[in-house]
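Encoded as structure tokens, the structure appears first; notes follow it.
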Amino acid sequence: FNMLITDSISTLPFVGPNYEKKLEKLGILTISDLLHHIPHRYLDFSKITKISDLKIGEVVTTIGTITFLRNQPTKSGRLMQIGQIEDDTGKISVAWFSQPFLTRMLFPGTKIAVSGELSWFNKNPAFFSPQYEKIDDNHETVHTGKIVGVYPATSGLSSKWLKARIKYVLDRIEIENKLDDSALKTNKLLAFSKAIRKIHFPENMDDTVKARERLAFNEFVDLLTKTKERKKKLIKKKGISLKIDDSNIKNFINNLDFKLTNSQDKVIDEIVEDLSKKTPMNRLLQGDVGSGKTIVSAIAAYATYLNGYQTIFLAPTQILANQHYESLTSLFPNLSISLVTANSKLITNSNIIIGTHALLTKTFEKVGLLVIDEQHKFGVKQINFLQKTNPHVLTMTATPIPRTIAQTLFSDMDLSVIDELPKNRQKIKTWLVPNEKRDNAYEWIKKQVSDYKSQVFIICPLVEESESETLKDVKSVKKEFASLQTIFKNLRLGLLHGKLKEKEKNEVLNKFKNGELDILVSTPVVEVGIDIPNATMMIIEGSDRFGLAQLHQLRGRVGRGTKESYCLLFTENDSMKATNRLTALTKTSSGFELAELDLKLRGAGDILGTKQSGFGNLKIADWSDTKLIKLASEAVANL
Numbered sequence: 090f091n092m093l094i095t096d097s098i099s100t101l102p103f104v105g106p107n108y109e110k111k112l113e114k115l116g117i118l119t120i121s122d123l124l125h126h127i128p129h130r131y132l133d134f135s136k137i138t139k140i141s142d143l144k145i146g147e148v149v150t151t152i153g154t155i156t157f158l159r160n161q162p163t164k165s166g167r168l169m170q171i172g173q174i175e176d177d178t179g180k181i182s183v184a185w186f187s188q189p190f191l192t193r194m195l196f197p198g199t200k201i202a203v204s205g206e207l208s209w210f211n212k213n214p215a216f217f218s219p220q221y222e223k224i225d226d227n228h229e230t231v232h233t234g235k236i237v238g239v240y241p242a243t244s245g246l247s248s249k250w251l252k253a254r255i256k257y258v259l260d261r262i263e264i265e266n267k268l269d270d271s272a273l274k275t276n277k278l279l280a281f282s283k284a285i286r287k288i289h290f291p292e293n294m295d296d297t298v299k300a301r302e303r304l305a306f307n308e309f310v311d312l313l314t315k316t317k318e319r320k321k322k323l324i325k326k327k328g329i330s331l332k333i334d335d336s337n338i339k340n341f342i343n344n345l346d347f348k349l350t351n352s353q354d355k356v357i358d359e360i361v362e363d364l365s366k367k368t369p370m371n372r373l374l375q376g377d378v379g380s381g382k383t384i385v386s387a388i389a390a391y392a393t394y395l396n397g398y399q400t401i402f403l404a405p406t407q408i409l410a411n412q413h414y415e416s417l418t419s420l421f422p423n424l425s426i427s428l429v430t431a432n433s434k435l436i437t438n439s440n441i442i443i444g445t446h447a448l449l450t451k452t453f454e455k456v457g458l459l460v461i462d463e464q465h466k467f468g469v470k471q472i473n474f475l476q477k478t479n480p481h482v483l484t485m486t487a488t489p490i491p492r493t494i495a496q497t498l499f500s501d502m503d504l505s506v507i508d509e510l511p512k513n514r515q516k517i518k519t520w521l522v523p524n525e526k527r528d529n530a531y532e533w534i535k536k537q538v539s540d541y542k543s544q545v546f547i548i549c550p551l552v553e554e555s556e557s558e559t560l561k562d563v564k565s566v567k568k569e570f571a572s573l574q575t576i577f578k579n580l581r582l583g584l585l586h587g588k589l590k591e592k593e594k595n596e597v598l599n600k601f602k603n604g605e606l607d608i609l610v611s612t613p614v615v616e617v618g619i620d621i622p623n624a625t626m627m628i629i630e631g632s633d634r635f636g637l638a639q640l641h642q643l644r645g646r647v648g649r650g651t652k653e654s655y656c657l658l659f660t661e662n663d664s665m666k667a668t669n670r671l672t673a674l675t676k677t678s679s680g681f682e683l684a685e686l687d688l689k690l691r692g693a694g695d696i697l698g699t700k701q702s703g704f705g706n707l708k709i710a711d712w713s714d715t716k717l718i719k720l721a722s723e724a725v726a727n728l
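Numbering of the sequence shown is given in the working numbering, commencing with residue 90 and proceeding in unit increments.
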């Protein structure tokens with residue numbers, strides 16, 4: 090029967106409600122999602138070898154017949170499956186762990202292909218836990234005897250199971266070759282239908298490179314098309330044109346107890362001009378850590394208030410929402426400002442409302458401006474909760490995004506950049522600390538804390554790359570915390586990680602803020618984006634495992650007071666590549682320069698977060714591929 094790429098995954102055999110849930114965890118809801126769930130690496134099992142020619146350490150496939158297979162208990166009580174296969178040249182042992190069902194499937198006389206690395210077992214050559222599949226004379230192998238993709242999987246869903254479902258679909262589906270015009274042929278891109286087949290079942294490694302390139306191109310085209318559609322819709326929307334009272338705004342700026350930078354003045358002019366237009370503003374405000382984005386957004390909120398409209402501040406975490414609340418209440422003592430948490434009630438008539446995801450379920454009538462802090466933590470659809478009122482939208486990010494990416498990814502937004510720091514901001518001394526100097530560094534930290542009453546952040550990297558912390562990560566940071574408690578036994582330490590309840594997080598942060606803790610040990614997932622002027626040291630463990638942009642963000646958490654501040658990069662990786670990259674951080678304090686460098690050195694994953702969540706959600710493509718971005722932009726312009 091003919092399948093459609095839009096069909097639900099539940100139409101496949103062997104996919105009942107239980108498997109549907111598991112597939113949903115991997116973001117697979119339709120046949121198209123399944124086909125675009127591509128291998129993250131490949132095993133080359135294409136070398137088919139007779140048993141007599143097998144060599145220890147070689148990764149090969151061999152085909153033979155099972156002579157016996159039995160369950161055998163080990164000393165630890167686990168069951169092992171031990172057997173033998175033979176062909177016309179000899180016999181070889183095979184062994185698996187904890188798969189007792191195999192003895193009911195692979196009985197003597199069954200023809201089987203096994204793929205893996207030949208190693209020693211009980212002083213004899215053997216395949217240990219190899220890939221296997223039953224074969225007959227007419228049967229084409231799927232899991233052995235060729236280049237085999239290894240898929241991102243989840244509990245109860247093996248790579249082998251996913252591959253079998255993909256093969257089932259590809260045998261029964263007609264794939265349209267969209268966008269296969271002369272421009273693609275000129276650039277030697279594969280036809281889409283060919284690319285989908287080759288990414289899953291390549292004949293050689295070159296196939297996988299070409300297939301990935303074509304699918305990445307499609308992903309860029311899809312993203313750019315959606316961006317273009319959003320811009321078209323936005324232009325048609327009728328917004329709220331605000332009357333700008335220049336004298337009131339100038340008075341407010343002149344009464345601040347600090348002077349705005351030229352860059353802030355320029356950005357305020359751009360925003361104020363947008364607010365006076367009938368089309369709703371959709372502007373991205375980029376600014377380095379500590380460049381003063383909050384005051385710019387506050388002035389936009391003040392202009393909105395003078396017109397009788399409300400402003401909503403949407404923050405990704407409770408910690409950042411609290412920080413905005415503190416900043417705005419001190420700037421506007423005469424305005425009614427409310428902070429909405431999961432437990433508090435919404436005061437609907439406040440001039441400024443600040444909150445996290447809890448606000449997304451509320452309804453508002455009089456909103457003139459929506460300020461979103463770090464939109465990539467929400468995803469692009471979230472701002473639709475205010476579509477009735479069509480407010481002006483100002484999105485802020487401290488993630489320095491290279492211009493090529495920003496212009497492509499945010500082509501539906503106008504871009505404002507604050508590219509200078511306020512005069513009073515400290516330059517943070519950054520040092521790369523090799524392993525042999527670690528003990529000296531610890532002694533120096535103790536001295537800084539005792540002599541100058543300074544406070545310290547210690548950041549531990551994630552064990553597993555992810556947008557949210559795993560239990561493994563929490564276990565790792567707890568272990569590090571215990572070790573640091575021994576090293577700094579006379580100091581007061583606190584622990585912060587993503588699995589703590591909101592109340593517990595706030596308690597730890599408040600203790601640190603009030604000077605009741607000397608050292609805060611934390612994972613990077615937790616937003617430590619809170620102003621603690623007395624925190625002068627940022628220690629980053631395993632710094633080689635972070636992107637430069639992320640390291641720069643973490644470094645920006647110190648140097649907010651009057652004391653000299655420091656960032657120490659600890660690493661056990663002494664490779665030239667890691668050293669050169671981290672040395673760049675010690676030499677420059679510009680987030681934008683570092684972002685461009687990161688893009689060249691490591692690709693955009695480091696700039697936009699591991700999964701680039703909300704920032705276009707790239708699954709296959711890479712933002713560092715500027716040639717492919719340009720080609721996709723041209724294709725979208727020609728559509």
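Every residue gets a Cβ at the ideal spot worked out from N, C-alpha and C, and that includes glycine.
Legend entry - Straight-line gap, S702 to K708 (C-alpha atoms, nearest Å): Confidence is the limiting factor: at S702 the pLDDT is only 40, short of 50, which leaves the residue's position unreliable, though a coordinate-based value still follows. In a straight line, the C-alpha of S702 is about 10 Å away from that of K708.
Inset, instruction - Enumerate in chain order the residues of its own chain whose CB-to-CB distance from L118 is below 8 Å, with the five nearest sequence positions on each side excluded. - result: S97, I98 and L112
Inset, instruction - Below 6 Å CB to CB, which residues in the same chain sit around S427 once its five sequence neighbours on both sides are set aside? - result: I436, S439 and I442
Legend entry - Counted within 10 angstroms of its Cβ, other Cβ atoms place N599 as buried (16 or more) or exposed: exposed
Legend entry - Run of the beta strand (DSSP E) containing L707, from where it starts to where it stops: Counting along the chain, L707 falls outside any beta strand (DSSP E), and DSSP gives it neither H nor E.
Legend entry - Continuous alpha helix (DSSP H) assignments of at least 4 residues falling wholly in the segment 583–610: 591–602
Legend entry - Close beta carbons around E605, own chain, < 6 Å, minus the five adjacent residues each side: none
Legend entry - One or two residues paired with L364 in a DSSP bridge: DSSP output for L364 lists no bridge partner at all.
Inset, instruction - Please report how far the alpha carbon of L93 lies from the alpha carbon of I285, in whole angstroms. - result: 15 Å
Legend entry - Inter-residue spacing [alpha-carbon to alpha-carbon] between P106 and W250: 16 Å
Legend entry - Cross-strand partners of V203 (DSSP beta bridge): T151 and Y221
Inset, instruction - Run the CB neighbour count on I696, radius 10 Å, all protein chains shown included, and call it buried at 16 or more, exposed below. - result: Note that I696 scores 46 on pLDDT, short of 50, meaning its location in the model is unreliable; the coordinates nonetheless yield the value given after this. So I696 ends up on the buried side.
Legend entry - Buried or exposed by the 16-neighbour rule on C-beta atoms within 10 Å, applied to R261: exposed
Inset, instruction - Kindly indicate the opening and closing residues of the alpha helix (DSSP H) around T297. - result: M294 to K325
Inset, instruction - Under the assumption that P550 contacts E630 (Cβ atoms under 8 Å), give the Cβ distance between them as a whole number of angstroms. - result: 6 Å
Legend entry - Cβ contact (3+ pairs, closer than 8 Å) linking the segment 403–415 and the segment 507–525: no
Legend entry - Integer Cβ distance of M294 from I236, believed to fall under 8 Å: 7 Å
Legend entry - the segment 128–147 touching the segment 198–207, judged by at least three CB pairs closer than 8 Å: yes
Inset, instruction - May I have the straight-line CA-CA distance separating K451 from S654, to the nearest angstrom? - result: 42 Å
Legend entry - Sub-8 Å separation of I621 and F601 beta-carbons: yes
Legend entry - Cβ-Cβ distance between T199 and I140 below 8 Å: no
Inset, instruction - Please determine, among N276, E302 and A184, the residue with the shortest C-alpha to C-alpha distance to I288. - result: E302
Inset, instruction - Using three-state DSSP, classify I384 as helix, strand or coil. - result: helix
Legend entry - For H481 and E454, the rounded distance between their alpha carbons: 14 Å
Inset, instruction - Can you give me the start and stop residues for the beta strand (DSSP E) that Q173 sits inside? - result: L168 to D176
Inset, instruction - Put Q161 into one of helix, strand or coil per three-state DSSP. - result: strand
Inset, instruction - Would you tell me roughly how many angstroms separate the C-alpha atoms of T393 and L504, rounded to the nearest one? - result: 20 Å
Legend entry - Three-state secondary structure assigned by DSSP to N91: coil
Legend entry - Residue from Y240, F290, K283 and F217 with nearest C-alpha to E229: F290
Legend entry - Terminal residues of the alpha helix (DSSP H) in which F740 lies: A query on residue 740 cannot be resolved here, the shown segment of the chain reaching from 90 to 728 and no further.
Legend entry - Local Cβ density within 10 Å of Y541, reported as buried at 16 or more and exposed below that: exposed
Legend entry - Reduced DSSP category for I507 - H, G, I as helix; E, B as strand; rest coil: strand
Legend entry - Which listed residue (R159, Q412 and G379) has its alpha carbon closest to that of A487: G379
Legend entry - N479 - DSSP class collapsed to helix/strand/coil: coil
Legend entry - Residue closest to N396, alpha-carbon to alpha-carbon, out of S539, Q412, L458 and T138: L458
Legend entry - Distance between beta carbons of I264 and F281, contact taken as under 8 Å: 6 Å
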